[in-house]
Amino acid sequence: MPYTVAEFDALPEPEAVALLTTCCAGATWAARVAAGRPYGDRPALLDAVSVAIAGLDDHGRAEALAGHPRIGERSESASSQREQSAVATADARILAALAAGNRAYEDRFGHVYLVRAAGRSAAELLDILHRRLGNDPATEAAEVRSALADITRLRLERLVLDEADVASRGGGR
21 MPYTVAEFDA LPEPEAVALL TTCCAGATWA ARVAAGRPYG DRPALLDAVS
71 VAIAGLDDHG RAEALAGHPR IGERSESASS QREQSAVATA DARILAALAA
121 GNRAYEDRFG HVYLVRAAGR SAAELLDILH RRLGNDPATE AAEVRSALAD
171 ITRLRLERLV LDEADVASRG GGR
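Taken in order, the sequence shown gives residues 21 to 193; the numbers are from my numbering.
Next comes the structure, spelled out in structure tokens:
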């Protein structure tokens with residue numbers, strides 16, 4: 021069940037961190053966001069997501085990326101399954117190209133290809149992958165931070181709602 025921002029702000033720190041790590045596996049990131057409470061409203065919380073991700077060092081970024089499956093691979097994560105639902109129905113040719121592209125990307129950059137998959141087709145994700153393989157490491161690091169922030173905000177938006185959103189769904193807790 022979603023939380024209001026006020027409920028999220030009031031959670032004991034271990035519970036807030038646990039909730040945040042369902043959105044982004046990075047414990048460093050989650051601790052930073054939890055420590056910044058209270059946020060008071062959802063825009064402030066979502067801004068904090070981006071600020072905390074932007075401030076991650078290599079270790080923190082690796083920690084955050086560890087929670088993301090390769091594009092096109094089956095995941096136990098309900099969020100990843102939902103976000104990659106269009107990939108699940110892709111034809112074998114595109115799936116094979118994504119698998120090959122994932123390997124080339126990991127060889128080049130040393131980590132999983134991370135992209136906001138929600139709302140995108142498998143072919144679009146493959147096109148983005150091919151484009152990003154041409155990035156230099158600094159440009160790609162910026163794209164990864166941006167994708168990580170987008171994915172994390174998207175996931176957190178499903179879990180932490182404004183009071184008006186909760187009221188429109190028939191109440192809170």
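The beta carbon of each residue, even a glycine, is placed where N, CA and C say it ideally should be.
In this text, all values refer to a predicted model and were calculated from it rather than measured experimentally.
Can you find the residues in the same chain that come closer than 6 angstroms, C-beta to C-beta, to residue i, ignoring five residues on each side of it along the sequence?
i: glutamate 27; result: none
i: cysteine 43; result: Thr172, Arg175 and Leu176
i: arginine 193; result: Any reading at arginine 193 must be qualified, since the residue scores a pLDDT of 49, below 50, and its modelled position is unreliable; the value itself is stated next. Excluding positions up to five away in sequence, the list is empty.
i: alanine 117; result: Leu146
i: serine 70; result: Ala169
i: glycine 121; result: Leu149
Nearest by alpha-carbon distance to residue i: which of the options is it?
i: proline 89; options: Leu76, Val107, Ser70 and Ile148; result: Val107
i: glutamate 183; options: Arg52, Gly56, Val53 and Pro63; result: Pro63
i: glutamate 126; options: Arg113, Ser141 and Pro157; result: Pro157
i: leucine 20; options: Ala38, Pro34, Leu39 and Asp61; result: Any question about residue 20 goes unanswered here, given that the chain covers just 21 to 193.
Helix, strand or coil: which one does DSSP assign to residue i?
i: threonine 109; result: coil
Going along the chain, which residues of its own chain have a beta-carbon closer than 7 angstroms to the beta-carbon of residue i, five neighbours each way excluded?
i: threonine 48; result: Leu76, Gly80 and Glu83
i: tyrosine 59; result: Val25, Asp29, Leu65 and Ala68
i: glutamine 155; result: One point to set straight first is that residue 155 is asparagine, not glutamine, in the sequence displayed. Closer than 7 angstroms at the Cβ level, and outside the excluded window around asparagine 155, lie Glu163.
i: histidine 131; result: Ala82 and Leu85
i: serine 166; result: none
Determine the contact status of residue i and residue j, defining contact as a CB-CB distance below 8 angstroms.
i: alanine 36; j: arginine 57; result: yes
i: leucine 168; j: isoleucine 73; result: yes
i: leucine 17; j: tyrosine 133; result: Beyond the ends of the chain as shown, which are 21 and 193, falls residue 17; an answer cannot be given.
i: arginine 1; j: proline 32; result: Because the chain is modelled from 21 through 193, residue 1 falls outside the range shown and cannot be assessed.
i: threonine 41; j: alanine 55; result: no
i: arginine 152; j: glutamate 160; result: yes
i: alanine 45; j: glycine 87; result: yes
i: alanine 142; j: alanine 112; result: no
Which ranges does the alpha helix (DSSP H) cover as unbroken runs of at least 4 residues, wholly within the region 40-70, from first to last along the chain? 47-55
At what residue ranges does the region 99-180 contain a whole run of the alpha helix (DSSP H), taking only runs of 4 or more? 105-108, 112-129, 142-152 and 157-179
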